[in-house]
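Take 299 as the starting number for the sequence shown in this note's numbering and just add one per residue.
Beta carbons are placed, not taken as given, at the ideal position from N, Cα and C, and that holds for glycine.
These figures come from a predicted structure and were not determined experimentally.
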Amino acid sequence: MKDLTELIAVLDATPRHMILHVALSQLLKPCNWNLLLARHIENLSDNDFFETVDKMHIPHVDPRVFMIHENVGRYQIVVHHFDLNRFNNSMKNNKIGSHHHHFSFATRIIKGGYTNVLFENDGSLMEPELTPSTQCRCTNGSVYSIDYRQYHCVFRPEHNSMSLMIRTAPELDPGHAKEPGYDRGVILAQKKLLIDQLNEPQEVIPGRLDEFEPYSAMKVMGLSA
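Listed below in structure tokens is the structure:
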């Protein structure tokens, strides 16, 4: 793959019910995803970048969400960026915890890593009764998918970790409010940060499907091997 438009063309031609499966297979390819994303973001006008990011921004949480392409009603392509201080502050202030998404998605870690914990839910989607069940330390090249009904939580991200996510059409209305102060100037400054981070040299490797293991609180906290 020489350009992100090739991925977009594949997804555009995929039947809606197959987008998650095709996205997963595409993310397993040994592409220089970081470079492809850097070039795509550089080629977006400031207006286009601001409008797409502002549309899907989730306030007061980490990672920051940067939507860089959307085929409305079919899929979205999103880059995530973790800032460790921001993440720790959000966790401390209970802004981050176990959650489900309003869409299903496939994702690939393209820099750094984090621990992903999945939960069993003995309740309903809106009134969950959760028990941590499995976990995986996701690192560069890790690929996995999650159904929108699956509760999960991320722990211990490395600073400046990044992931590439392909979301299916939303199943629920997220209802996110705007974040005061997260305006055009801030978002365009984030554009430069993303490009700089993506341009850092990364080894081109094939993706690998994550293998989850039984939950261990000690491992999640990094206190055991």
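R372 is the residue among K517, K489, L470, R372 whose C-alpha sits nearest the C-alpha of A311. For H397, there is no enclosing alpha helix (DSSP H), since its DSSP letter is neither H nor E.
If only uninterrupted alpha helix (DSSP H) runs of at least 4 residues are considered, those enclosed by the region 422-508 are 482-496. Secondary structure of A307 (DSSP, three-state): helix. In the three-state reduction of the DSSP assignment, T405 falls in the strand class. Check the Cα spacing between T303 and each of L325, L334, P328: the tightest is with L334.
With respect to the 8 Å criterion, V377 and M460 are classified as neighbours on the basis of their beta carbons. Comparing alpha carbon positions, the residue from T405, S388, M389, S396 closest to I375 is T405. Sequence-distant partners of A336 (beyond 5 residues in either direction) whose C-beta falls short of 6 Å from its own C-beta, in its chain, are I493, L496, N497. For K327, the closest alpha carbon among the candidates H358, S440, E477, D352 is that of S440. Per DSSP, reduced to three states, the secondary structure at L334 is helical. Using a Cβ-Cβ distance cut-off of 8 Å, the region 356-369 and the region 385-398 are in contact, since at least three pairs of beta carbons, one from each stretch, lie closer than that value. Of the residues assessed, R314 falls on the exposed side of the cut-off, its CB having fewer than 16 other CB atoms within 10 angstroms.
Residue pairing by DSSP leaves L322 without any beta bridge partner. The region 441-460 makes contact with the region 419-428: 3 or more CB pairs, one atom from each, lie closer than 8 Å.
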